[in-house]
Structures are given as C-alpha cells and as structure tokens.
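First comes the structure, then the notes that go with it.
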Amino acid sequence: MTGLPLLSLAIWLPIVGGLLVLATGSDRNAGLARLLALAVAVAGFLVTLPLYAGFDAGTSAMQFGELREWIPRFNVHYRLGVDGISVLFILLNSFITPLVVLAGWKVIEEKVAQYMAAFLIMSGLMNGIFAALDAMLFYVFFEASLIPMYLIIGVWGGPNRVYAAFKFFLYTLLGSLLMLVALIWLFFQSGGSFNLLDWHAMPIPLEAQKLLFFAFLAAFAVKVPMWPVHTWLPDAHVEAPTGGSVVLAAIMLKLGAYGFLRFSLPIAPDASRELAWLMIALSLIAVVYIGFVALVQADMKKLIAYSSISHMGFVTLGFFIFNSLGVEGALVQMISHGFVSGAMFLCVGVLYDRVHSRQIADYGGVVNTMPKFAALFVFFAMANSGLPATSGFVGEFMVILGAVKHDFWIGAAAATTLILGAAYTLWMVKRVVYGATANHHVAELSDIGAREFVVLGLLALCVLGMGLYPFPFTEVMHASVDNLLKHVAVPKF
Amino acid sequence: MINFAMPDLYPASAEIFLLIMACAVLLIDLVSGGRRWLCYLLAQLSLAGCFGITFFTLDGQAVTTFSNMFVDDLFADLLKLALYPAVAMTLVYGRSYLAARNLDRGEFYVLVLFATLGMMVMISASHFVSLYLGIELLALSMYALVAIDRDSARATEAAMKYFVLGAMASGLLLYGMSMVYGAVGSLEIAEIGQRVALGGGNKTVLVFGLVFVVAGLAFKLGVVPFHMWVPDVYHGAPTAVTLLLGSAPKLAALAIVLRMLVTGLAELAEHWQVMLMILAALSIALGNLAAIAQTNLKRMLAYSAISHMGFMLLGVLAGIVGGDPRFALNAYTSATFYAIAYVLMSLGGFGMILLLSRTGFEAENIEDFKGLNKRSPWFAGIMLMLMFSMAGVPFFVGFFAKFLVLQAVVAAGHLWLAVFAVMFSLVGAFYYLRVVKVMYFDAPTDSAPIEAPRDMRYLLSANGIAVALLGLLPAGVLEYSMWASYAFLIGQ
C-alpha cells in the first residue's frame, strides 16, 4: 500500500480545489472556473481509485486508516478508515462529481465559480462522512454537507427554490440534532470515547438502545428519506438544478442508509432486531404506497423523486431482514440507484435545458427529434424499473430473495415494486419519448451533444456492467457485511 | 490612630494604567483641536498597553489586594486578555461609522475606556462592593454611550429605558447582596463561600437574598424574563455602541456569574441551578422564537443574544451535580468557550452591519443585505460563515460552543434539557438561514459600493475566517478556556 493518506486526499482535495475555484471569482473567468473544477473533480476521482485497487476484500477490518488528534481534551480524533461497506460509496461519490460538473457546464451561466465550488466542497464533505470513524467527525461532516446543498437549491434552483431549500435544511437538521444528543450520551456511556468501533463493542441496556435507535432513526430516516418524513425530497428535487438533483439522489440519500449500517445496527443491535418490524413496515409502505404516488405525478422530476423514495424503501427493507442477501442486495441497490437515478435526473435535465418544462404533458414523441437521447433514456428507464441485465435488477432481486427467506409475504409485498416501478417509469417514458411529435417545442429539439453523450454514456456503461457482472461490487462488501450480521445477531446487554 | 498601609497596586496595574490613560484621553481631547484620530489612537494604545501589562504579568498565582476586594488570578487574566482585543475590534469596526455621524468625539473613546475598566473590575472582583463598582462603572458608561447620539430620539429612548431598568437591576442586586451580608456577615465572596459551607447564616435569608442576586444578574445578562431592555437598547443605540454592548461585556458577565454563584454561593447550588435552568430554558425558547419575527437585523441579533446567553447559562448550571463539583471543570470550560465564541461571532455580525452602513444610511434591516453575494461575494461569504456559526452548524466555532455546552449538560444528567436546547436551536437555524437566503437567493436592491476603510475590511475578514478556522481546529481555544476555568476552580 502506498504511504499517501488516500482518504484525506479524497476528502480535502475537492474541498481545497473548491476553494481555489471560488477564488477565480466573477463570471468573467467562468471558463477557467469550469476547467479548474473539472480538473479537480477528475483528480478527486483518480485519488480514490487506489482505494479500490488496494482494498483487501478478505477482511472486515477498517483499511487505509488514519489517526490524528483533533480535540484531545474530549478524545475527539481525526480518525478515518473504510471497510467493504463504505469504500464503494466514496468511489461512487467521486465518480459522480465530474459528471455533475460536466452536466452544469453550459446550463449554469451565473455565479459559475460558486456553483462548481459548492459541488466540489460537498463532494469532499460527503467523502468525509463515509470515511469518518470518529462519531464527532462523522457528525461534523454530516451536518456541514447541508450548507452547500442549501445554497445549490436556493441559488440555482427553480421558482419555488427558497421554500425547498429551507425545507431541506430544517428537516435534515431536525434529525441530526437529536442524533447529536445521542452521540454525546454515548460518549459518556463509553467512558469518554468517540471511536465508533469502541461503541460497536460496547454493551448497552435494551431500553437505552431503543432510545438511541430512535435518535438515530430521526437523523437517518429523514435523510433516506423514509415514509412518512419524505416530504422534503420531492420539493428539493423539483427545485434543485439538475446537478443538485443528481447529487441528492445519487449520494445524499445514501448517507442516511449508510448511517443505519454504521450506527443503528452495530450500536443498537438488539433494539434493531426488536424494532425491525417497524422498519420493515415503513419500508414496505415506502415501496408500495410511494410507488402508487409516483404513478400519478405529472412532473418528471417529482416522479423520479418518488421513485427514489420507493427504491430507498427497498434498501432499508434489505437492512432490517438481517440476512446477507438482504444487506448486500440493499448495498448493491444503493450503488445502482446512484447510477440510475443520477442518470434519470440528468436525462430530465437534458430535456429541461431545451424546453424549460418538466411536465410530462409538454412532451411526446421526443424520439423523433432526439434518437440518441431517447435510446439512453429508455435504457435508464428500464434499469429504473429493474430489468434483468441492468444494475437495477441485481439489487432488487437480491433483496426480494432475502425477504422471501425472512418471510414470504414480506417478499411478496416487496416484489410488487417490479410491477409498480415498471408501471410508473415506462408509462412516463411512453408519454415523453414515444408517440407522434407533440408540439413545436419537441419538433425543434436538437439531439444530445458530445458532452451530454459522454456523461450519460459513462453512466450507461456502469449500469450495464454492474447488471451483467456485479461480482466486483459484492466481492468487496462481502466480508464486512458478514461481520456486521454476526455482530448484530449477538445480544449486547 | 488609624493604621494606614498602602495597598499593593501591582495586581491592579492594568486597571490603574487604563484609568490614567482614560483620564489622559479626556484631557488631550480638550486640547487636541479636532484631531480626532488622536483619541482613537490613544484608546487603541491604552488597550494594547493593558494587553501587554496583563500578558507580561501573567502567572498562575492568585494575588488579592485592596483588602481582598480585588483578585488577580489566571482566570481573570485570561478573560481580560480576551476582553482587550474584543474592545479594540469594536473601536476599529465602529470608527468610520461614528465619523460619518459625527459621533467620534473624545467622549466616546473615554467612555469606552471607562466601560472597559468597569469590565476589568468586574472580572477581578472578589468582593461584593468591588463587583458592584465594576458593574456600575460599566453600566453608567454604557448608558451614556447609548445616548451619545443626542439628536436621535430612538437612541435617547433606548438610553432612558436602559437606565431605568439597569438601575432597577442594580437595586435588586444590591438588595440581594445586603441580604447575603445580613445572613453571613461578610461581603467578601470567598469568605461568604466558606461561611455558608460551614453552615453559617440563616438558609431562608440566604435563599431570599439569592433570588434577588440571580434576578439582578439575569437583568445584566439580559435573559428571559429580565430581557425586555435588550431588543430596544440594541436597536436604539448607534450600531457601534450596540457592537460594544453585545460583545465584550458578556465575558465580564460570565465572570461575575461564576464568582458570585459558584465561589460565593456554591452551597446553594441546588437553588440557583433551578433558577438558572428556568432562565436558560425560557431564554433559549423565547429568544429563538421572537427572533423569527424580526425584520430588523439588530433586533434579531438582540434576540439571538438572549438565546445565546441562555445557552451559556446552561454551561454554568451544569457544573455542580447534587452538591458534587465533579463536572465543574468541563462545565465552566464550556461556558467560557461559549462566551469567547459568542463574542467573536457577535463582533462579526454587528461588524457586518457597520460595514454596509454609510453616511446617512443604516444597513440594519435584513432587507438591506439583499443580494450581497452580487455586491460583494467575499463579505457575503464572511456573513454566511458568521450566520451558520451562530446557528451552530459545523465546521464553525459556534457548533463547538454548543457541542461543549450540550456535553456538559448531558454529563450533569439533564438529558432532556439538552434535547430541549437542540430543538430550539433548530428554530434558531431558521432565522440565521433567512439572512443567508436574503444575501444569496435574492437580487440586490442597493448597488452602492461598500466604502468601509481598509483596516475594517481586513479585520472583519480575519474575524470571519477565525470563526471558520477555530471551528476546524477548536482545540486551542478549548485549552485556553480550560486553563481559565481550572484557574477559577483552584482559586476558590
């Protein structure tokens, strides 16, 4: 392994790069800001590649560890490390960032430097969330990542952006503040440690575990988002600029799910088992009910937002059936959803940039004028509805198998997503892409250019590759997931 | 015959120096013939001199003088070392504002120096009489400062209100002190602590006195329900005076709260803890809720000050658990850290109002910050950091201040108080976010260039960056606060 602090690089390179982009200043230097941002984003992705290449899939231990003193008086450390669960998200995040930069290349004409910087800084902060092994460090990154997103939605968003930005910020802050109290409580309970791994091993009485579980649930359920605290997401997605929606769907939602795996399950395993029925119920409501809600949306972004909630319901379902198929399937689903939902939002962005409408009713027959785009859009739609040979299928299938193993009827209820997902996605595609050219706006559409093609093409490759050969992904997470499940199975009070 | 011994003046050398300098500025102003920069320069030099004296006489020993009325310990020194820069920054930020309104007269600087002297005496007071003297010196200077713009009806009204309520608070405090004296027979704070610990004094009388003492302190701190003067005075005073009022005195207030309640009346902790808990909870709730309704930034920051003082009191009350001072160090450290962090943020916040104000225009409405990101991305960024810091969002220093206080509160076993406090900081986040919203999401209505002098721009930038840097690396300030509260605890 190299001596470079790779995780620190993955965190601070985009942040420092973002500050540099910010320093290019006014829009007179917009070109420079764009190029610099792309360079930083690509470099940020390149430094994460050795994380995968050098990753030892045979162990569940934390790798690439870094440890520095931060606030010695309170035993708060700058403690980083990744295992098979977190490493993939750092890669995913760093992969999405250059695509987001490219997606905003032409569309963003105002305050370009600030736009690019916000995304880069957010990317670094989110890497920090996935890499942090100290609870305070995690929390600090977790909350700080709200700031750039708040600005992205509020500055470059749609007409109702102010409402959406506030709703996003306050909703997520509400949850994380409760978690902060829980973290402080754990600090004293553990005799003065913020080390997550210490907390994992620490015995806690069941009653306390339950309170902790709910405190964590408040933070993570909002972030996932789970029904019934999901209402901020459609607003945020609809108002956010395309890049914001992509990052929100592809990475930010994963933070909540990741939090369950890093905090709720290992710290409060008994409460997790006891309250699994609740989580499964909420997840199934998300899968089925939100699936129906998605069906009736007239706004494409809203539809995909609801589809995201429904898919994330699958993820939480996978976590709380406590078998390796379920958890691994959920993780695969998270990564796949990162690609697919990101791509779907990019596709809507492509249409919106041209027509300035997200209403399904304003389109029809797009295939006639944008054949290349239509092909990709249909492909991603298929992946979104879980077609075999796409990444969307792998995760859903694994979770359904795991759920059936747990309880047949839960599996059966979860499987309805295959029908509902196909229904709302394909129906939207049918209305937007196929049919006769609907109006003169559609007739004047120009097909995607090279830049857009590269962005969507790369994502399509990922979706297809992961669908055909998911082994490189599952291989990495296997040892860590097994270890987690073993840990959860043992009572700790 | 009267046995007269010269008191040891050495421990109070900084105070004596400042007193001489303040008198000198007063005289020089008379003969300076309108060279106003001279008074400004002398005031800054006085503060720098005080800093030097305190810094170079710094040692770990607690020395008392003036018949045990004045103590020079590390706690006092460290707080004073934070106090001088805060006052000096006030002078830098306020200078062009005052000049534009023809308020930068010699008196202003003299009064600021006397107010500083008052705060220093408060910090070093080890006796009820010297403590009261310090409070009154600060308060009388501040009354005059609030009214320094004598043609402004608003300022005069604010000064009147401040004076009447402040005098009443002083009365309450004095009455409480006299009750304590009546019960214990001493005015010396450490002596009171010892006598009460040994069972001296009638408990009923003591608690009766305590109620008045706490009420008086609460008035001075501006916590609910003794907060009524805060918004009006913050709003009515010239912004440069609000800046002074809302920053450095919080350090002195923390010192007297700790000295009176912890050193003097620790035995009654179970009583004053309940009082502080109610005061803190009400302040956090009402401060944050009322701030939402404000359209005037100065009023908003006033209500935010109320809630911040409530938070600071949480740190104070968490020190003693069931008579056991086991958690005292962490708790008083958190309160000290909070005070220092708050002073820094408050300076920046009011500094921004001063920055955007110009001749004949007060940028005191939230609306006046509209589109600041277009006008000056740099200062919009500074204000953004200040606002998020006040809201308690990481990586800014305000987050760690809140975190340390919450930690102390949880350690003391008040888990629900911590939950209550974080829920209201969520409410608080809303109005700080609104300022950010106005700066970033709205289009500018005012396109006048920012014409603040260079020293102010640099200092304000440094102030904002400090809020971020101390948030990234809070360990230094934490150590500083910890030394201070450690010195306070061993000095008891």
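Each protein sequence line maps, in turn, to chains A and B.
Numbered according to the numbering used here, the first sequence spans residues 1308 to 1800.
Numbered according to the numbering used here, the second sequence spans residues 9 to 500.
Ideal placement from N, C-alpha and C gives every residue a C-beta, glycine not left out.
- Query: Who are the Cβ neighbours of LEU572(B) in its own chain at under 8 Å, not counting the five residues just before and after it?
  - Reply: This structure cannot settle anything about residue 572(B), because the visible part of chain B is limited to 9 through 500.
- Under 8 Å by beta carbon: chain A residues contacting VAL427(B): The residue you call residue 427(B) lines up with position 419 of the second sequence. Per Cβ cutoff of 8 Å: LEU1485, VAL1488.
- Could you tell me which chain A residues have their CB closer than 8 Å to the CB of MET490(B), listed as they occur along the chain? Mapped onto the second sequence, residue 490(B) falls at position 482. Chain A residues near MET490(B): ARG1380.
- Message: Against chain A, does LEU355(B) count as a neighbour if the rule is that its beta carbon must be under 8 Å from one of theirs?
- Response: Position 347 of the second sequence holds residue 355(B). At a cut-off of 8 Å between C-beta atoms, LEU355(B) does not count as an interface residue with respect to chain A.
- Task: Kindly indicate the opening and closing residues of the alpha helix (DSSP H) around HIS235(B).
- Result: As a first step, residue 235(B) is located in the second sequence; it is residue number 227 there, counting from the start. Careful: HIS235(B) lies outside any alpha helix (DSSP H) and carries neither H nor E.
- Task: Return the first residue and the last residue of the alpha helix (DSSP H) that ILE498(B) is part of.
- Result: Taking the second sequence and counting its residues from 1, one reaches residue 498(B) at position 490. Its alpha helix (DSSP H) spans residues 483 to 498.
- Amino acids of chain B, ordered along the chain, whose beta-carbon sits closer than 7 Å to that of PHE1495(A): Start at 1 with the first residue of the first sequence, and residue 1495(A) comes out as number 188. Those within 7 Å of PHE1495(A) in chain B are VAL418, ALA419.
- Please state whether DSSP places ASP16(B) in a helix, a strand or coil. Here the question's residue 16(B) lines up with position 8 in the second sequence. Correct three-state label for ASP16(B): coil.
- Query: CA-CA distance, MET1308(A) and ALA289(B)?
  - Reply: On the first sequence, residue 1308(A) is found 1 positions in, with the first residue counted as 1. On the second sequence, residue 289(B) is found 281 positions in, with the first residue counted as 1. Confidence at MET1308(A) is low in this model, with a pLDDT of 45, below 50, so its placement is unreliable and the value that follows should be read with caution. Each residue's Cα considered, the two are about 53 Å apart.
- Message: Buried or exposed, going by whether 16 or more other CB atoms sit within 10 Å of the CB of TRP45(B)?
- Response: Taking the second sequence and counting its residues from 1, the one referred to as residue 45(B) is at position 37. Using a 10 angstroms sphere on the CB of TRP45(B), the tally of other CB atoms stays under 16, which defines it as exposed.
- Task: Would you mind sorting ILE156(B) into buried or exposed? The rule is 16 or more other CB atoms within 10 Å of its CB.
- Result: Along the second sequence, one-based indexing puts residue 156(B) at 148. Result: buried.
- Which bits of chain B does ALA1451(A) rub up against, with CB to CB less than 8 Å? One-based indexing of the first sequence puts residue 1451(A) at position 144. ALA1451(A) reaches chain B at VAL401, PRO402, PHE403, counting residues in chain order whose Cβ is nearer than 8 Å.
- Task: Give a yes or no on whether the C-beta atoms belonging to VAL8(B) and LEU467(B) are separated by under 8 Å.
- Result: Beyond the ends of chain B as shown, which are 9 and 500, falls residue 8(B); an answer cannot be given.
- Out of ASN1382(A), GLY1391(A), PRO1512(A), point me to the one whose CA is closest to VAL1788(A)'s CA. Numbered from its first residue, the first sequence carries residue 1788(A) at position 481. Nearest of ASN1382(A), GLY1391(A), PRO1512(A) to VAL1788(A), Cα basis: GLY1391(A).
- Item | Extent of the continuous alpha helix (DSSP H) to which LEU1326(A) belongs | Here the question's residue 1326(A) lines up with position 19 in the first sequence. Segment 1313 to 1330, the alpha helix (DSSP H) holding LEU1326(A).
- Report the residues of the stretch 1459 to 1485 of chain A with a CB closer than 8 Å to any CB of chain B, ordered along the chain. GLY1461, VAL1462, ARG1468, VAL1469, ALA1472, PHE1473, PHE1476, LEU1477, LEU1480, LEU1481, LEU1484, LEU1485
- Message: Cutting at 8 Å between CB atoms, please list the residues of its own chain near PHE407(B), excluding the five before and the five after it.
- Response: Taking the first residue of the second sequence as 1, we reach residue 407(B) at position 399. So the list reads SER397, GLY400, VAL401, GLY479, once near-sequence residues are dropped.
- Proximal residues to VAL137(B) (C-beta, below 8 Å), its chain only, five neighbours per side dropped: On the second sequence, position 129 is the one that residue 137(B) refers to. Once the five neighbours on either side are set aside, the close Cβ partners of VAL137(B) are MET77, LEU195.
- Message: Helix, strand or coil for GLY254(B)? Go by DSSP, reduced to three states.
- Response: Residue 254(B) sits at position 246 when you count from the first residue of the second sequence. In the structure shown, the three-state DSSP call for GLY254(B) is coil.
- Query: Of all the residues that make up the stretch 333 to 351 of chain B, which are near chain A by a beta-carbon distance shorter than 7 Å?
  - Reply: Answer set for the stretch 333 to 351 of chain B: empty.
- Task: Starting from LEU477(B), find everything on chain A with Cβ-Cβ shorter than 9 Å and list it in chain order.
- Result: If you number the second sequence from 1, residue 477(B) lands on position 469. Taking a Cβ-Cβ cut-off of 9 Å, LEU477(B) has no neighbours in chain A, whose nearest Cβ is about 13 Å from it.
- Message: Quick test of your reading: ALA409(B) and PHE345(B), contact by CB under 8 Å. State the CB separation rounded to the nearest angstrom.
- Response: Locating residue 409(B) in the second sequence gives position 401, where the first residue counts as 1. Locating residue 345(B) in the second sequence gives position 337, where the first residue counts as 1. The pair is a contact, with the Cβ atoms about 6 Å apart (cut-off 8 Å).
- Is the CB of VAL1447(A) under 8 Å away from at least one CB in chain B? Within the first sequence, residue 1447(A) is the residue found at index 140, counting from 1. Chain B contact via Cβ: present.
- Query: Does SER397(B) have its Cβ less than 8 Å from a Cβ in chain A?
  - Reply: Locating residue 397(B) in the second sequence gives position 389, counting from the first residue. No, no contact with chain A.
- Note the first and the last residue of the continuous beta strand (DSSP E) segment covering PHE396(B). Here residue 396(B) is taken as the residue at index 388 of the second sequence, counted from 1. It is not in any beta strand (DSSP E) - PHE396(B) instead sits in the alpha helix (DSSP H) that spans 385 to 399.
- Task: Using beta-carbon positions only, say whether MET1486(A) and TYR1446(A) come within less than 8 Å of one another.
- Result: On the first sequence, residue 1486(A) is found 179 positions in, with the first residue counted as 1. On the first sequence, residue 1446(A) is found 139 positions in, with the first residue counted as 1. Yes, the pair counts as a contact, with Cβ atoms nearer than the cut-off.
- Message: Measuring only the C-alpha atoms, how far is VAL154(B) from ASP240(B)?
- Response: Numbered from 1 along the second sequence, position 146 holds the residue referred to as residue 154(B). Numbered from 1 along the second sequence, position 232 holds the residue referred to as residue 240(B). The alpha-carbon atoms of VAL154(B) and ASP240(B) are separated by roughly 11 Å.
- Among ALA371(B), ALA326(B), VAL282(B), which residue has its Cα nearest to the Cα of ALA419(B)? Residue 419(B) sits at position 411 when you count from the first residue of the second sequence. When only C-alpha atoms are compared, the closest one is ALA326(B).
- Collapsed DSSP secondary structure at ASN1400(A) in the structure displayed: For this step, residue 1400(A) is matched to residue 93 along the first sequence. It is helical.
- Query: Should PHE1778(A) go down as buried or exposed, given a rule of 16 or more other Cβ atoms within 10 Å for buried?
  - Reply: Position 471 of the first sequence holds residue 1778(A). So PHE1778(A) counts as exposed.
- Run the CB neighbour count on GLN1535(A), radius 10 Å, all protein chains shown included, and call it buried at 16 or more, exposed below. In the first sequence, counting from the first residue as 1, residue 1535(A) sits at position 228. Note on identity: in this sequence residue 1535(A) is Pro, with Gln being the wrong assignment. It counts as exposed.
- Query: If you count every other CB in all the chains shown that lies within 10 Å of the CB of ASP1577(A), and 16 or more means buried, which is it?
  - Reply: For the purposes of this step, residue 1577(A) is identified with residue 270 of the first sequence, where counting begins at 1. It is buried - the Cβ of ASP1577(A) has at least 16 other Cβ atoms within 10 Å.
- Could you have a look at TRP1377(A) and say whether DSSP puts it in helix, strand or coil? As a first step, residue 1377(A) must be located in the first sequence, where it is residue number 70. In this structure, TRP1377(A) counts as strand in the three-state DSSP scheme.
- Message: Under 8 Å, Cβ to Cβ, is there at least one residue of chain B near TRP1539(A)?
- Response: Numbered from its first residue, the first sequence carries residue 1539(A) at position 232. By this cut-off, TRP1539(A) is not an interface position.
- Message: What does the Cβ neighbour count give for GLU459(B), buried or exposed, with the cut at 16 atoms within 10 Å?
- Response: Translated into the one-based positions of the second sequence, residue 459(B) becomes position 451. Classification of GLU459(B): exposed, given that the 10 Å Cβ count is below 16.
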